[in-house]
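**Q** Residues in the sequence shown are numbered from 73 upward in steps of one, following our numbering. Beta carbons are placed, not taken as given, at the ideal position from N, Cα and C, and that holds for glycine. Pasting in a structure now, in structure tokens, and then I'll have a few things to ask.
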Amino acid sequence: TATRDSGEVRYRQLTEGLVWRENFKEKDPKTERYSDMSQRIRFDFPADWTYVKDAQTRTVTGEPGDGTARLSMNPHPRTPQGPEEYLYNYLNISQLRDGREIRPAQLKGYTGVLPGQDGNPDQRIAVVFYKMNAYLFTGEVAAQQNFGRFDEQFLDSIETFRPISSREIAGQKPETIHYVKATSATTVAALGEHLKLDPFEVDVLRLINGYYPSGEPKPGEWIKIFKR
């Protein structure tokens, strides 16, 4: 009697390398997020702002559509001084009002308000240290009456400053499905350790292969795995 092909081989061929879970590469990046892969840093401008970068000065500047405010950031060489002393002694910034330490992503920083002179509006000034650079932020408004409203957005934006880690970069590559054939030594725990899965992911591995909550593969069985 002829036996009907179950289609398992064809199914494995079709699903080998298929993206598993979320495909980070196809996600639309935040339009207001600025990333500098050479410096390995990023931060978010306020929502709906657009930004441009001056390659010559390495200054990036963002503003809302009506141009009533702008926030700029540019890197400077770091010195052994602390952030507050750096602003005053190295960059020669005038005395700031309401100065305080900040810790975006646990990095060292300092911020305050630079009072406007000769009828000019106040400015938000901040510096954040990361590796060999000091990143200077300057928030400006076209009219003083708008400073309070925009200053909250300046501070929120500065607080999003982050290093881009190697792990985060690796995380942009999506997980894909692959198949391995079990041997007499294959266990789910061993596979999880080899694939560097956390306990939740090990449970998912069991679930998608029909071994949940405590089953183990038999020699010769094809096991579906996911990896980057």
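(1) With DSSP as the reference, label Tyr283 as helix, strand or coil.
(2) Can you name the start and end residues of the alpha helix (DSSP H) that Phe226 belongs to?
(3) So Leu208 is in the beta strand (DSSP E); what residue range does that whole segment cover?
(4) Leaving out five residues before and five after Glu104 in sequence, what residues of the same chain have Cβ atoms less than 8 Å from its Cβ?
(5) Would you mind working out which of Gln189, Tyr202, Gly287 sits nearest His148, comparing C-alpha positions?
(6) For Thr183, count neighbouring Cβ atoms within 10 angstroms of its own Cβ and tell me buried if that reaches 16, exposed if not.
(7) So, is Gly139 buried or exposed, given that buried needs 16 or more other C-beta atoms within 10 angstroms?
(8) May I ask you to report which of helix, strand or coil DSSP gives Leu186?
(9) Considering only residues of the same chain and omitting the five flanking positions on each side of Pro155, which have a CB-CB separation below 8 Å?
(10) Can you tell me whether Thr73 is helix, strand or coil according to DSSP?
(11) Determine the direct distance from the alpha carbon of Gly264 to that of Pro176, and round the result to whole angstroms.
(12) May I ask whether a heavy atom of the ligand NAD can be found less than 7 Å away from the beta carbon of Tyr182?
(13) Go through its chain and collect everything with a Cβ distance to Asp126's Cβ below 8 Å, but skip five positions before and after it.
**A** According to the structure shown:
(1) In the displayed model, Tyr283 falls within coil according to three-state DSSP, outside both helix and strand.
(2) Looking at the DSSP string, the run of the alpha helix (DSSP H) that includes Phe226 is 219-230.
(3) For Leu208, the enclosing beta strand (DSSP E) stretches over residues 205-213.
(4) These residues qualify, in order along the chain: Asp116, Phe117, Pro118, Ala119, Asp120, Trp121, Thr122, Tyr123, Gly134.
(5) Nearest option by C-alpha distance: Tyr202.
(6) Residue burial annotation: Thr183 is buried, with at least 16 other C-beta atoms found within 10 angstroms of its C-beta.
(7) Exposed.
(8) Strand.
(9) Cβ within range, chain order: Glu173, Lys180, Gly181, Tyr182, Val199, Val200, Phe201, Ala206.
(10) Its pLDDT being 44, under 50, Thr73 is placed unreliably in this model, and the coordinates cannot settle the point.
(11) C-alpha separation (whole angstroms): 34 Å.
(12) Among the components of this structure there are no ligands whatsoever, and the ligand NAD is therefore not found.
(13) For Asp126, where only same-chain residues beyond five positions count, the Cβ hits under 8 Å are Val132, Thr133.
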